[in-house]
Amino acid sequence: MKERTEEYGLRIIRMFAALPKTTEAQVIGKQVLRSGTSVGANYREANRGRSKAEFVAKLGDCLKELDETDYWLSLLVKSEIVPVSRMQSLIDPLFRKGFAEKRIFRGLRSLGQ
327 MKERTEEYGL RIIRMFAALP KTTEAQVIGK QVLRSGTSVG ANYREANRGR SKAEFVAKLG
387 DCLKELDETD YWLSLLVKSE IVPVSRMQSL IDPLFRKGFA EKRIFRGLRS LGQ
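Numbering of the sequence shown is given in the working numbering, commencing with residue 327 and proceeding in unit increments.
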């Protein structure tokens, strides 16, 4: 999972770098950048947890950040800030990867409870 969350963060960084330089794109893009890159950091913190409860709580933070990232990505798409032609190469893979990560985190969290 460490590698998966790191790869997700790297994809987020590359997506942000490819966004248009408009104010709207940059403001929303920074939100995506913040929430999307914090998933991996929270996962690492979960693994350093001192208790099962702390581990479960940090995995919950991972899920929260993934949900927030999905929200901002959705706004980029629905506002048409990212043209449909670019959406498939930039954002669609992030939605798919985020969905897979959520399923894994939910499973890990239920094991920890």
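Just so you know, even glycine gets a beta-carbon here, dropped at the ideal spot from N, CA and C.
Assumed close pair residue 395, residue 366 - CB separation to whole angstroms, cut-off 8 angstroms: Taking C-beta atoms under 8 angstroms as the contact rule, residue 395 and residue 366 fail to qualify, at a distance of about 12 angstroms.
Inter-residue Cα distance where the pair is residue 345 and residue 352: One alpha carbon belongs to residue 345, the other to residue 352, and they sit about 7 angstroms apart.
For residue 467, the nearest candidate out of 412, 378 and 339 (CA to CA): Residue numbering for the chain in the displayed model covers 327 to 439; residue 467 lies beyond these limits and cannot be assessed.
Burial state of residue 368 (16 or more Cβ within 10 Å): With 16 or more other Cβ atoms from the protein chains shown falling within 10 Å of its own Cβ, residue 368 counts as buried.
Short Cβ contact (7 angstroms threshold) for residue 420 with residue 360: Taking 7 angstroms as the Cβ cut-off, residue 420 and residue 360 do not qualify as a contacting pair.
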